[in-house]
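Here UniProt numbering is used: the first residue of the sequence shown is 1, the next is one more, and so on. C-beta: ideal position from N, C-alpha, C; glycine also.
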Amino acid sequence: MRGEPGWTFDVEGQEALDLAGGGSEASYRATVRRTGESEALHSSGTVVSKGSSTPEEVFVVDGVGYVREGEGAWESGDVSDPEIANKVEDPVAALDVFRAYSKGGERISVAHEGGGITLRVEVPSGKLSDDRPALAKAVREVRPTIEQLREGGVTATDSEIVLTRLADVLVLDQDTYRIKSHRFSFGFTIPYQGQQITYRQEVGEENRGVFTGDITLPDGVA
Numbered sequence: 001m002r003g004e005p006g007w008t009f010d011v012e013g014q015e016a017l018d019l020a021g022g023g024s025e026a027s028y029r030a031t032v033r034r035t036g037e038s039e040a041l042h043s044s045g046t047v048v049s050k051g052s053s054t055p056e057e058v059f060v061v062d063g064v065g066y067v068r069e070g071e072g073a074w075e076s077g078d079v080s081d082p083e084i085a086n087k088v089e090d091p092v093a094a095l096d097v098f099r100a101y102s103k104g105g106e107r108i109s110v111a112h113e114g115g116g117i118t119l120r121v122e123v124p125s126g127k128l129s130d131d132r133p134a135l136a137k138a139v140r141e142v143r144p145t146i147e148q149l150r151e152g153g154v155t156a157t158d159s160e161i162v163l164t165r166l167a168d169v170l171v172l173d174q175d176t177y178r179i180k181s182h183r184f185s186f187g188f189t190i191p192y193q194g195q196q197i198t199y200r201q202e203v204g205e206e207n208r209g210v211f212t213g214d215i216t217l218p219d220g221v222a
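Put into C-alpha cells, the structure is as follows:
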C-alpha cells in the first residue's frame, strides 16, 4: 500500500485492568489518515476513561511522532520510542509486522473468505519475558501498566506475568492486497498477594477508503 494514494481508517480500542476491589477501563475512537509514499499520518480521536472524555491528536511526519492530549502541550519523539509508539495506531504498519512474523518463524494461518485473504497469528499462552516477534507489540503496550503496578507494590517478575491470549488478524483484499481491516488483542495476568490482576487490550481498524490530501504539522509544532 506504500507508494499508492493514502488511506482513511476508523480505529476503535479498549483496555481494562481488573483486580479484586476495583479496576479501570478506557476506550478510544479515532479517524486515522495516512499518506502513501511519504508515510505521514494524522490521527484525531477521543479517549474515554473514568467517565470523562479527552481529545487526543497524533501526527507522524518524517519518522517523528507528535502527540497532544486535551489542551496540553505537544510531546514529540522518534516513533521507535515506546512512549510515542504506544500512541500511534498505523494500520499500514501491520504489513511490516506480519513480515517480521514470517521472518521470525511465527506460524501464520491463511484463509480465503468473503473476497478477502485473512492472515492470522495466535498465541494461546506465554510469558512477558518471552522474546519472540508475536509478543513484541503486546509487551511494549503493557509495559507502562506493569511499571505503574510495580510502583504500587506488585513484585511479579516478567517471567511470572503470563500471557493468556494473543490474536493478530489482518484482512487483505484478494485482488489488490490492500488492507481491509486489522484486529489485535491480547491479555496478561499478573500475580499479586495470592490473587490475579488481569490486563486486556483490543484494537480494531477498518479501511474507509482513499485519502488524497496532504498531512502537515499545525503551526507552532516542531
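- Annotation: the continuous alpha helix (DSSP H) that includes Val-142 extends over 136–151.
- Counting along the chain, the unbroken alpha helix (DSSP H) around Ser-102 starts and ends at 93–103.
- By the neighbour-count criterion, in which 16 or more other beta carbons inside 10 Å mark a residue as buried, Val-139 falls on the buried side.
- The segment 71–80 and the segment 94–108 do not touch, with fewer than 3 CB-CB distances between them shorter than 8 Å.
- A straight line joining the alpha-carbon of Trp-7 with that of Glu-39 spans about 11 Å.
- The beta-carbon separation of Glu-106 and Pro-82, rounded to 21 Å, does not stay under the 8 Å limit for a contact.
- In this chain, the alpha helix (DSSP H) harbouring Ala-85 covers 82–85.
- The alpha-carbon separation between Asp-168 and Thr-118 amounts to approximately 10 Å.
- Closest option to Arg-178, judged by alpha-carbon separation, among Glu-206, Glu-151, Arg-143 and Gly-126: Glu-206.
- Using a Cβ-Cβ distance cut-off of 8 Å, the segment 114–130 and the segment 150–166 are in contact, since at least three pairs of beta carbons, one from each stretch, lie closer than that value.
- Between Arg-200 and Gly-187, the C-beta gap is smaller than 7 Å, which places the two residues in contact.
- Between Val-11 and Glu-89, the CB-CB gap stays under 7 Å.
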